[in-house]
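Q:
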Amino acid sequence: MAVSTPNWRSIYFITIGIRFCLTLADSYIHPDEHFQSFEPLGLLLGYSTNPPWEFSAEAPARSYALLMLLYYPVIYLSSTFGLLPLQTRYLARLELMLVSWVVTDWCLYRMLPTKQERIKAIYFALTSYVTLVYQSHTFSNSVETVLVMLTVFMINELRFLSTTPENQYNFREIGILAAGLGVVGAIGVFNRVTFPAFFVFPAFFYLQCWRKWRLLILFTGVPFLIVSALFIVADTAIFTQASVWTILKTFKWDQYKVAPLNNLIYNTHHANLAQHGIHPYYTHAVINLPQLLGPGLAFVFYGFKNRYWRTTPFVTAASGLFFLSLVPHQEVRFLIPVVPLLCCCFDMEVFDRKPESSNDENMKEKTDNATEPKSRRTSALPAAVLNLWYLFNSALALLMGIYHQGGVVPAVDYLHDFIYHDPTDKSLGVTAQIWWRTYSPPTWMLGDKHNSTQFITLSDDNVDFFIDASKSNLLFDTMGLEIDLLQKVITTVKSFAAKTYLITPVASFNKNFDCPHNVIWKIKQHLDMDHLDIGDIQSLQPGLGIFELL
1 MAVSTPNWRS
11 IYFITIGIRF
21 CLTLADSYIH
31 PDEHFQSFEP
41 LGLLLGYSTN
51 PPWEFSAEAP
61 ARSYALLMLL
71 YYPVIYLSST
81 FGLLPLQTRY
91 LARLELMLVS
101 WVVTDWCLYR
111 MLPTKQERIK
121 AIYFALTSYV
131 TLVYQSHTFS
141 NSVETVLVML
151 TVFMINELRF
161 LSTTPENQYN
171 FREIGILAAG
181 LGVVGAIGVF
191 NRVTFPAFFV
201 FPAFFYLQCW
211 RKWRLLILFT
221 GVPFLIVSAL
231 FIVADTAIFT
241 QASVWTILKT
251 FKWDQYKVAP
261 LNNLIYNTHH
271 ANLAQHGIHP
281 YYTHAVINLP
291 QLLGPGLAFV
301 FYGFKNRYWR
311 TTPFVTAASG
321 LFFLSLVPHQ
331 EVRFLIPVVP
341 LLCCCFDMEV
351 FDRKPESSND
361 ENMKEKTDNA
371 TEPKSRRTSA
381 LPAAVLNLWY
391 LFNSALALLM
401 GIYHQGGVVP
411 AVDYLHDFIY
421 HDPTDKSLGV
431 TAQIWWRTYS
441 PPTWMLGDKH
451 NSTQFITLSD
461 DNVDFFIDAS
471 KSNLLFDTMG
481 LEIDLLQKVI
491 TTVKSFAAKT
501 YLITPVASFN
511 KNFDCPHNVI
521 WKIKQHLDMD
531 HLDIGDIQSL
541 QPGLGIFELL
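Residue numbers (the UniProt record's numbering): 1 to 550.
(1) The alpha helix (DSSP H) with Val-408 in it runs from where to where?
(2) Given this structure, state the Cα-to-Cα distance separating Ile-419 from Lys-499, to the nearest angstrom.
(3) With a threshold of 16 other CB atoms inside 10 Å of the CB of Gln-433, please say whether the residue is buried or exposed.
(4) Short check: CB of Leu-66 to CB of Phe-190, under 9 angstroms?
(5) Quick one: which unbroken alpha helix (DSSP H) runs of 4-plus residues sit fully inside the region 25-75? Chain order, please.
(6) Look up Tyr-501 in the DSSP assignment and give the residues it is bridged to.
(7) What separation, rounded to the nearest whole angstrom, lies between the Cα atoms of Thr-138 and Trp-53?
(8) Using DSSP with H/G/I as helix, E/B as strand and the rest coil, what is residue 566?
(9) Excluding five sequence neighbours on each side, which residues of the same chain lie with their C-beta closer than 8 angstroms to the C-beta of Ser-325?
(10) Measuring CB to CB, does Thr-145 end up less than 9 angstroms from Val-184?
(11) Is Gly-17 helix, strand or coil when you go by DSSP?
(12) Give me the Cβ distance between Gly-543 and Val-506, rounded to the nearest whole Å; I'm assuming they're in contact under 8 angstroms.
(13) Can you tell me whether DSSP reads Ser-539 as helix, strand or coil?
(14) Candidates Arg-93, Leu-45, Ser-472, Pro-51: which alpha carbon is nearest Ser-79's?
(15) To the nearest angstrom, how far is the alpha carbon of Gly-535 from that of Gln-525?
(16) Counting C-beta neighbours from all protein chains within 10 Å, is the total for Glu-117 16 or more, i.e. buried, or is it exposed?
(17) Rounding to the nearest angstrom, what Cα-Cα distance links Ala-271 and Gly-320 in this structure?
(18) Could you check what DSSP says for Lys-374 in three-state terms: helix, strand or coil?
(19) Leaving out five residues before and five after Asn-473 in sequence, what residues of the same chain have Cβ atoms less than 6 angstroms from its Cβ?
(20) Between the alpha carbons of Leu-532 and Asn-306, how many angstroms are there, rounded?
(21) Taking only three categories from DSSP, how would you classify Asn-518?
(22) Would you call the region 6-25 and the region 60-74 in contact, with 3 or more CB pairs under 8 angstroms?
(23) Measuring CB to CB, does Asn-170 end up less than 9 angstroms from Gly-294?
(24) Is Asn-473 helix, strand or coil by DSSP?
(25) Sorted by chain position, which residues of the same chain lie with C-beta nearer than 8 angstroms to Ala-237's C-beta, five sequence neighbours on each side aside?
(26) So, Leu-225 versus Ala-178, is the Cβ gap smaller than 9 angstroms?
(27) Suppose contacts are defined by Cβ-Cβ distances below 9 angstroms. Is Lys-212 in contact with Ser-140 by that definition?
(28) Hey, how far is the Cα of Val-489 from the Cα of Thr-504?
(29) Would you report the Cα separation of His-517 and Ser-142, rounded to the nearest angstrom?
(30) Threshold first: 4 residues or longer. Then list the alpha helix (DSSP H) segments lying entirely within the region 240-298, N to C.
(31) Under a Cβ-count criterion, where at least 16 other Cβ atoms within 10 Å of its own Cβ denotes burial, should Gly-42 be classed as buried or exposed?
(32) Taking the straight line between their C-alpha atoms, what separation do you get for Val-233 and Phe-301?
(33) Specify the secondary structure class of residue 558 as computed by DSSP and reduced to three states.
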């Protein structure tokens, strides 16, 4: 059963509305979507922020210049029109969604040889919850997906042209593609140091092209080095607060801030990775990939009869999966670039084909082997698997796009209006926010332009803190602190704070607190997935609240 054109168009237009709704929704997938984007960039908006260690001036592990390149239009509009933090967040999410949408669809359209192949790939990519949800969140993995798609497209074009008679192409096209690879490759490395992992296997195709065009590596290498040098100089100027001229006139290697190198050095130490979590090497393949593709895996791996295993998208996905699996820290989001790649490789005949052989076709070959056969059996795309695909992605889009930590951003926005509306008002005295059992709050969204907030992070291993007497607002990120330690922190804070607010899931508050309080604010669209207890029905109650502790 092929995907019919009317059905394809209907689904496409339906997902346009869904994309915009989920882009403007309040889910919070991972702290990095704030702390590796607008938490450091908030300084440009005049906000008091809490940037992570990756942006320390001594040894930055993330490129500030790259963030400027990605989000400067949003920063400019926000500064020019005096937008609220929540409005700035909406703009950033819309920008990333639109860029991802245009680039992914364009690459799939240009890379695939026939109308049916294009419809199939775009259809499954756009109905994936990963596309609908993850690709609008501002972490580096979403940006990486865009860069991976562009790189795969350019490698695939070079691969196709290398098999084309010379009188059917010009060398200017080769040069543009090679230079594009260098530029996008440099951006990819400065975005995520693991970016090259996706292209170890596809490098074989590039080397085949290099054997035909000996200057190819020069046309790729020079732009790569130029863009990398620009990022290094810009980052050095930003982190050292020195002028570009000062940096360039005195060449000293140790003065330069090379973010990818610092990131690589940090992540090669097992003790550093242990702070973020150590996972078995099979985690990506056995646990994370099924979370991303669900029933779609049947179209890729059923019976190991996939026709697309030698195509550029499949080889790229396999490369990323294999080499990222060698790193002991493995999160689901690290694999999101493989989703549109494997959607290209969904084999609609995989349930029918006998295992005698597989086709060796290039994605750009205009042959019948790369397209759907003229006579198809109705069981080629079992309705049950397709319905499971819809169900799986609908459920995950609802969970990850709306409910997952969905109360954190609205709570911060409420506190922005409630506490920071008039920073000159001292009538509240010292105000303390204690965040418990939530992701770290995106403090840049508090919109504190008077540097009035002290940020304090506590854990089970460290509950000691000191108070800056010059600050009128205290924000405690207690993460998943044990309840007895949290109670001690609350007792200490209440002894000097005029107002103490506890921001925590409703289920956690109802289970662990029986004290005088006022419910200041509450929202139902919030699920704390880290503290669910299947044996306790009360822990399944959704919602996040701001509770004033009396």
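Even glycine gets a Cβ: it sits at the ideal position worked out from N, Cα and C. Keep in mind it's a predicted model, so treat the numbers as computed, not measured.
A: Judging by the given coordinates:
(1) The residue labelled residue 408 in the question sits at position 408 within the sequence shown. Residues 408-419.
(2) In the sequence shown, the residue the question calls residue 419 occupies position 419. In the sequence shown, the residue the question calls residue 499 occupies position 499. Whole-angstrom Cα-Cα distance: 11 angstroms.
(3) The sequence position of residue 433 within the sequence shown is 433, counting from 1. Under a 10 Å Cβ-count criterion, Gln-433 is classified as buried, with 16 or more other Cβ atoms of the shown protein chains found around its own Cβ.
(4) Counted from its first residue, the sequence shown places residue 66 at position 66. Counted from its first residue, the sequence shown places residue 190 at position 190. Yes, these two residues count as a Cβ contact at 9 angstroms.
(5) Taking only runs of at least 4 residues, the alpha helix (DSSP H) segments lying wholly in the region 25-75 are 32-35, 38-41.
(6) For the purposes of this step, residue 501 is identified with residue 501 of the sequence shown, where counting begins at 1. Beta bridge pairing from DSSP links Tyr-501 with Gln-433, Glu-548.
(7) As a position in the sequence shown, residue 138 is number 138, starting the count at 1. As a position in the sequence shown, residue 53 is number 53, starting the count at 1. So the alpha carbons of these two residues sit roughly 18 angstroms apart.
(8) The shown model of the chain, from 1 to 550, leaves out residue 566, and the question about it has no answer.
(9) Locating residue 325 in the sequence shown gives position 325, where the first residue counts as 1. Only Tyr-281, Tyr-282, Thr-283, His-284, Ala-285 meet the Cβ criterion.
(10) By one-based count along the sequence shown, residue 145 stands at place 145. By one-based count along the sequence shown, residue 184 stands at place 184. No. Outside cutoff.
(11) Sequence index remark: in the sequence shown, residue 17 carries index 17 (1-based). Note: Gly-17 maps to helix in three-state DSSP.
(12) Reading the sequence shown from its first residue, position 543 is the one you call residue 543. Reading the sequence shown from its first residue, position 506 is the one you call residue 506. 4 angstroms between Cβ atoms; contact.
(13) By one-based count along the sequence shown, residue 539 stands at place 539. Of the three classes helix, strand and coil, the one that applies to Ser-539 here is helix, per DSSP.
(14) Counting from 1 along the sequence shown, the entry for residue 79 is found at position 79. Selected option, being the one with the closest Cα: Leu-45.
(15) The residue given as residue 535 occupies position 535 in the sequence shown. The residue given as residue 525 occupies position 525 in the sequence shown. Taking the straight line joining both Cα atoms gives about 22 angstroms.
(16) Within the sequence shown, residue 117 is the residue found at index 117, counting from 1. Per the 10 Å Cβ criterion, buried.
(17) What you label residue 271 is simply residue 271 of the sequence shown in a count that begins at 1. What you label residue 320 is simply residue 320 of the sequence shown in a count that begins at 1. Rounded to whole angstroms, Ala-271 to Gly-320 spans 24 angstroms at the Cα level.
(18) Here residue 374 refers to the residue found at position 374 of the sequence shown. Confidence is the limiting factor: at Lys-374 the pLDDT is only 41, short of 50, which leaves the residue's position unreliable and the question unanswerable from this model.
(19) Sequence index remark: in the sequence shown, residue 473 carries index 473 (1-based). Thr-431, Ser-452, Thr-453.
(20) In the sequence shown, the residue the question calls residue 532 occupies position 532. In the sequence shown, the residue the question calls residue 306 occupies position 306. Cα to Cα, the separation comes out at about 39 angstroms.
(21) Along the sequence shown, read from residue 1 onward, the residue named residue 518 stands at position 518. Asn-518: strand per DSSP, three-state reduction.
(22) Verdict: no, contact absent.
(23) By 1-based counting over the sequence shown, the position of residue 170 is 170. By 1-based counting over the sequence shown, the position of residue 294 is 294. Cβ atoms of Asn-170 and Gly-294: not closer than 9 angstroms.
(24) For this step, residue 473 is matched to residue 473 along the sequence shown. Strand, per DSSP.
(25) Numbered from its first residue, the sequence shown carries residue 237 at position 237. Excluding sequence positions up to five before and after Ala-237, its CB lies within less than 8 angstroms of the CB of Ser-243, Val-244, Ile-247, all in the same chain and listed in chain order.
(26) Position 225 of the sequence shown, counted from the start, is the residue given in the question as residue 225. Position 178 of the sequence shown, counted from the start, is the residue given in the question as residue 178. Between Leu-225 and Ala-178, the C-beta gap is not smaller than 9 angstroms, which leaves the two residues out of contact.
(27) By 1-based counting over the sequence shown, the position of residue 212 is 212. By 1-based counting over the sequence shown, the position of residue 140 is 140. 9 angstroms or more divides the Cβ of Lys-212 from the Cβ of Ser-140.
(28) For this step, residue 489 is matched to residue 489 along the sequence shown. For this step, residue 504 is matched to residue 504 along the sequence shown. Distance from the CA atom of Val-489 to the CA atom of Thr-504, rounded to whole angstroms, is 15 angstroms.
(29) The count along the sequence shown starts at 1 and reaches residue 517 at position 517. The count along the sequence shown starts at 1 and reaches residue 142 at position 142. Cα-Cα distance, rounded: 41 angstroms.
(30) Runs of the alpha helix (DSSP H) lying entirely within the region 240-298 and spanning at least 4 residues, in chain order: 244-249, 259-267, 270-276, 289-293.
(31) The residue you call residue 42 lines up with position 42 of the sequence shown. Burial call: buried.
(32) Looking up residue 233 in the sequence shown gives position 233. Looking up residue 301 in the sequence shown gives position 301. Whole-angstrom Cα-Cα distance: 45 angstroms.
(33) In this structure the chain extends from 1 to 550, so residue 558 is not present and cannot be described.
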